[in-house]
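Residue numbers (full-length UniProt numbering), protein chains in the order written: chain A, 1 to 253; chain B, 1 to 253.
In what follows, a structure is listed as structure tokens, so that the remarks can point back to it.
Protein chains: 2
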Amino acid sequence: MEQTARRKPIVERVSVQKSYDVLAGQLRDRILTGEIAVGTRLPSERELVELSGLSRGSVREAVRMLEVEGLVQSRPGRYGGIVVTQPDKKSMARFVGQFVQSRRLPLRMIQEARETIEPALARLAAENRSEEELAQLRALNDALGDPNLDREAFARLNLQWHSTIAVASRNDLLSALLYAMSHGVFAQTIDDAYDNPEIRAAVFRAHGRVVEAIAARDGAAAQRRMERHVVATRAMGRDDGRSELSLDPPGPD
Amino acid sequence: MEQTARRKPIVERVSVQKSYDVLAGQLRDRILTGEIAVGTRLPSERELVELSGLSRGSVREAVRMLEVEGLVQSRPGRYGGIVVTQPDKKSMARFVGQFVQSRRLPLRMIQEARETIEPALARLAAENRSEEELAQLRALNDALGDPNLDREAFARLNLQWHSTIAVASRNDLLSALLYAMSHGVFAQTIDDAYDNPEIRAAVFRAHGRVVEAIAARDGAAAQRRMERHVVATRAMGRDDGRSELSLDPPGPD
DNA sequence: GGTATCCAATGGTTTGACAATTAAAAGCCC
DNA sequence: GGGCTTTTAATTGTCAAACCATTGGATACC
């Protein structure tokens, strides 16, 4: 076999660096390394023009890139400007949603992802939850047991319960991914009718079992029970899994 | 309780739509719905200027946004232009990497995510693999058993094995997420020395057990064994988990 | 003290020009 | 005809200089 077989070619594909790309790269690096802290105001566009030696157009294109990446936010007006931000779970959801939508990934794949991630979050929540979070989970599910809830209130409480588990897991990455599965993917899903008391009762009981395991810090049980819940929920005509999606997130952020 | 308690406010926050944002939104919609097919050439910047009535600068900012989102690619030159693309796993990896890096998420969280996703992929692979993929997995692991491999070759084959499992899972979303965990996150990881024959042998055996389960279409076993493998691999000083990271992807794409 | 107005700094947008890049097409030599 | 060099046209890249729109503090007024 030749030495050159399946080796890196002599030269990488030469790609001319566009000026806006270079500037965006510089700023991105200094933001990601933390050299420029979140909340900091970057120099104004006109100052960046001076500092970089580029034209305003190029500077603006660089800023636009960083803005799409969720690394800065820019607002007009005096005391406006370009401030450094962190990409949040919503931008993650947007991105994942576009990935799924543009590739026409079937719902099955998103369901599988959710059925993978959410039980893992339950396990981690069992291992890491605080007493406050445990109490909150119990309170939320208690509220969920009220048969007089209207449909929207039920869905909101349900979503808050799942969201609390994500927080308690102490894993922001998996939490953000779950959020993306739940929110970023179904743009135009029909808000299908589901208000079956039996289903509600089943959800209530399933949540209760998961909370028990979390209370006992039994990660394996929490994971197992959550998986059964999520899978069952899908089998019941996607009520739980889909009706959440047209809702707003529970709290701020 | 008042009717207005915790309800949506009367007006949403009014945010003035910037012109480039509107144009980007229009194009994004028509790309995501498939109205504009992947591979299609969009009108040139100057044509977009005419069509939209905006200035060239605004048009360029819109295009820049879509480019960052991975929805288009633009190249200069005659027969260049703006062509519609699909966001790929690399752009997913970039985005997730920035999310992790900008938030200073500890390595622990990425590891947990990997230990969640990869076993799930093994389970799905067991359920969905083709005969060819099974053969490929066997061949790759056989090659991995060769004690004369240099370090880089071992790592490359190892990576290909994991990658083949991802393909066999038939879940492009989870596959892309695993890829992001493996590639998007560790920018400046040291290529730590690991060339321990014992570790290699352990990896070889663990892979073998996973492949057996996949051959038997035993999803639960595949998942369990893969989880043990991934966790063990981390415990061994992250050899397996990290040394992959400085490598290139195995094949095209 | 409250209200209305002003004002200055910022991003948003336009216009028009020229440079750089690219790959096909044409020309040229043998 | 075959293999080069050169030309050429369409495209993005870049610059410059204005002016508009937005924002929220500062100021003036009552």
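Just so you know, even glycine gets a beta-carbon here, dropped at the ideal spot from N, CA and C.
Just so it is clear, the structure is predicted and the values come from calculations on it, not from any experiment.
One alpha carbon belongs to A:R123, the other to A:Y179, and they sit about 17 Å apart. The Cβ of B:L32 sits closer than 8 Å to at least one Cβ of chain A. Residue environment: A:T164 is assigned as buried (16 or more neighbouring CB atoms within 10 Å of its CB, all protein chains considered). Closest in alpha carbon position to B:V100, among A:A232, A:G70 and A:I110, is A:G70. For A:F95, at least one C-beta of chain B is nearer than 8 Å to its own C-beta. For A:R75, no alpha helix (DSSP H) segment is defined; the enclosing uninterrupted segment is the beta strand (DSSP E) at V72 to R75. Three or more beta-carbon pairs separated by less than 8 Å link the segment 67 to 85 of chain B to the segment 18 to 35 of chain B, which places the two stretches in contact. Contact with chain B is absent for A:M226, since none of that chain's Cβ atoms lies less than 8 Å from the residue's Cβ.
Rounded to whole angstroms, the gap between the alpha carbons of A:R41 and A:T85 is 10 Å. Taken in chain order, the unbroken stretches of beta strand (DSSP E) that lie wholly in the segment 75 to 100 of chain B and span 3 residues or more are 81 to 84. B:V63 is the residue among B:R13, B:V63 and B:E12 whose C-alpha sits nearest the C-alpha of B:Q26. A:A93 is positioned such that its CB atom lies closer than 8 Å to that of A:H183. Pairing A:L137 with A:E50, the inter-Cα distance amounts to about 54 Å. Under the 8 Å criterion on CB atoms, A:A221 is classed as non-interfacial with respect to chain B. Judged by their CB atoms, B:N148 and B:G208 are not nearer to each other than the 8 Å cut-off. Residue-level contact check: A:R205 does not touch chain B, since none of the beta carbons of chain B fall below 8 Å from its beta carbon. The beta carbons of A:L174 and B:E127 sit no closer together than 8 Å. Under the DSSP assignment, B:T40 falls outside any alpha helix (DSSP H); it carries neither an H nor an E label. With 16 or more neighbouring CB atoms inside 10 Å of its own CB, B:S58 falls in the buried class. Under the DSSP assignment, B:R60 falls in the alpha helix (DSSP H) whose first and last residues are R56 to V68.
Per DSSP, reduced to three states, the secondary structure at A:A202 is helical. For A:D142, the enclosing alpha helix (DSSP H) covers residues E131 to L144. The C-beta of A:A120 comes closer than 8 Å to at least one C-beta of chain B.
If you draw a 10 Å sphere on the C-beta of B:Q98, you find 16 or more other C-beta atoms in it, and that means buried.
Rounded to the nearest angstrom, the Cβ distance from B:R114 to B:F154 is 19 Å, too far for a contact under 8 Å. At least one CB of chain B lies nearer than 8 Å to the CB of A:T116.
When DSSP states are grouped into helix, strand and coil, A:D218 belongs to the coil group. Minimum Cα-Cα distance from B:E227 among the listed residues B:E152, B:S102 and B:A206 corresponds to B:A206. Between A:I117 and B:K90, the alpha-carbon positions lie close to 21 Å from each other. Interface flag for B:A176 against chain A is set, since a Cβ pair is found closer than 8 Å. Residue state for B:D150 is assigned as coil, using DSSP reduced to three classes.
A:Q17 sits in coil when the DSSP states are folded into three classes, being neither helix nor strand.
Burial check for A:P76: the Cβ neighbour count within 10 Å stays below 16, so the residue is exposed.
Around the beta carbon of B:Q160, a 10 Å sphere encloses 16 or more other beta carbons of the protein chains shown; the residue is thus reported as buried. Secondary structure note for B:M109: its alpha helix (DSSP H) is the uninterrupted segment L107 to N128.
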